[in-house]
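Enquirer: Take this structure first; my questions come after.
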Amino acid sequence: MMTLHDDAGQDRSAPDSPALDPLALAETLDAKLESLDLAGRLSLAAELGHAVFTTSLGIEDQVIAAAIGTHRLPVEVSTLETGRLFKETVDLIGETEERYGITIRRFVPEQDDVDAYAAQYGLNGFYDSVEARHACCHVRKLKPLAKALAGADVWITGLRRGQSGNRASTPFAEYDAERNLIKINPLADWDIETIRAHVAAEAIPVNPLHARGYPSIGCEPCTRAIKPGEPERAGRWWWENDEKRECGLHVPDNHVPESAAQPVAQAS
């Protein structure tokens with residue numbers, strides 16, 4: 000439960016206090032965050048309770064990690080090490096830790112889940128159907144994310160409105176009812192040009208794949224460089240036709256089949 004205080008300093012989460020409406024809280028935060036700079040937005044998020052920032056080591060997330068480290072903010076930094084990441088992405092984890100004096104907690108998929116997925120769909124079965132792709136994301140990303148956010152009051156992300164049409168209305172703050180926490184998107188209004196200029200000015204380390212045509216980087220088998228004129232996320236799950244395709248971390252992306260949620264019998 001979040002420990003929030005009113006202007007008089009009273010703990011609003013105490014049993015005899017009125018319940019705090021998370022939707023109203025998110026709306027209030029959304030308006031307040033708009034007028035703050037990045038450090039201010041992150042500081043406010045940290046004041047709300049146990050804050051966790053999940054980074055994919057993309058250029059946006061590097062901007063946030065740099066701010067957390069530079070300003071020594073009490074925000075836990077975590078990443079989902081799916082087992083299928085690019086080497087460049089994995090190498091950047093340690094480089095970022097060393098540069099900013101932070102610890103990035105790694106959350107990995109359960110081997111039993113990975114084995115069960117491979118037994119049912121094949122190791123690279125995600126190319127064969129949307130169902131199989133969602134099942135892979137569920138095993139390698141969604142289940143580890145649940146562990147990363149266990150006990151969190153606030154989830155900080157690098158979502159931006161300019162990343163895709165599906166994210167065009169991203170607010171600064173929203174209530175994630177599924178996970179029962181406040182989600183803060185401190186870079187919601189930053190465009191890619193602003194991001195790049197900030198990275199250059201602050202000499203922030205970024206994934207070298209960005210310079211090779213990968214503006215959005217996920218797992219290696221599921222990410223390609225984009226072509227001139229394509230949207231930033233066009234290289235993600237490029238073999239699918241749905242323009243709104245997501246992995247389900249931020250936008251529910253079709254129903255994960257029940258068989259993907261439970262390990263299936265292992266092949267003998």
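Following numbering that gives the first Met the number 0, the numbering of the sequence shown begins with 0 at its first residue and continues without gaps.
C-beta atoms are modelled at their ideal positions from N, C-alpha and C, and glycine is treated no differently.
1. Run the CB neighbour count on threonine 102, radius 10 Å, all protein chains shown included, and call it buried at 16 or more, exposed below.
2. Measure how close the beta-carbons of alanine 66 and valine 76 come, nearest whole angstrom, since I'm counting them as under 8 Å.
3. Please check the pair alanine 151 and alanine 45, which I expect to be a contact at CB under 8 Å, by giving their CB distance rounded to whole angstroms.
4. Have a look at glycine 100 and glutamate 94 and give me their C-alpha separation to the nearest angstrom.
5. So, under 8 Å CB-CB, threonine 88 and isoleucine 216 are touching, yes? Tell me the CB distance rounded to an integer number of Å.
6. Specify the secondary structure class of valine 107 as computed by DSSP and reduced to three states.
7. Of all the options Cys218, Tyr213, Trp236, which has the alpha carbon lying nearest to the alpha carbon of isoleucine 225?
8. By the DSSP assignment, the alpha helix (DSSP H) with lysine 31 in it spans what residues?
9. Quick one: grab the DSSP three-state call for aspartate 90.
10. State the start and end residues of the unbroken alpha helix (DSSP H) segment that holds threonine 156.
11. Which value, in whole angstroms, describes the spacing of the CA atoms of glutamate 33 and arginine 160?
12. With aspartate 269 as the anchor, note down where its beta strand (DSSP E) starts and where it stops.
13. Looking at the unbroken alpha helix (DSSP H) that takes in valine 138, where does it start and where does it end?
14. What residue does the alpha helix (DSSP H) around isoleucine 191 start on, and which one ends it?
15. So, with DSSP's three-state summary, where would you put threonine 53?
16. Are the CB atoms of leucine 35 and isoleucine 181 nearer to each other than 8 Å?
17. Tell me, please, whether the CB atom of proline 230 is closer than 8 Å to any CB atom in chain C?
18. Aspartate 36 bridges to which residues according to DSSP?
19. Leaving aside the five residues before and after proline 21 along the sequence, list all residues of the same chain whose C-beta is less than 6 Å from its C-beta, in chain order.
20. Among Leu37, Ala25, Ile58, which one has its Cα closest to the Cα of glutamate 231?
21. Roughly how many angstroms lie between the CA atoms of glutamate 192 and alanine 115, to the nearest whole one?
22. Buried or exposed, going by whether 16 or more other CB atoms sit within 10 Å of the CB of aspartate 177?
Expert: So, from the data block:
1. exposed
2. Contact doesn't hold; Cβ gap of about 11 Å is too wide.
3. Incorrect: roughly 12 Å between the Cβ atoms, too far for contact.
4. 10 Å
5. 6 Å
6. coil
7. Tyr213
8. 21-33
9. helix
10. Neither: threonine 156 is in no alpha helix (DSSP H) and is coded neither H nor E.
11. 14 Å
12. Shown here, the chain extends from 0 to 267; a query on residue 269 therefore has no answer.
13. Where valine 138 is concerned, there is no enclosing alpha helix (DSSP H), given that its DSSP letter is neither H nor E.
14. 191-201
15. strand
16. no
17. The structure shown contains no chain C, having only a single protein chain.
18. According to DSSP, aspartate 36 bridges with nothing at all.
19. Tyr174
20. Ile58
21. 42 Å
22. Per the sequence shown, the amino acid found at residue 177 is glutamate instead of aspartate. Glutamate 177 should be labelled exposed.
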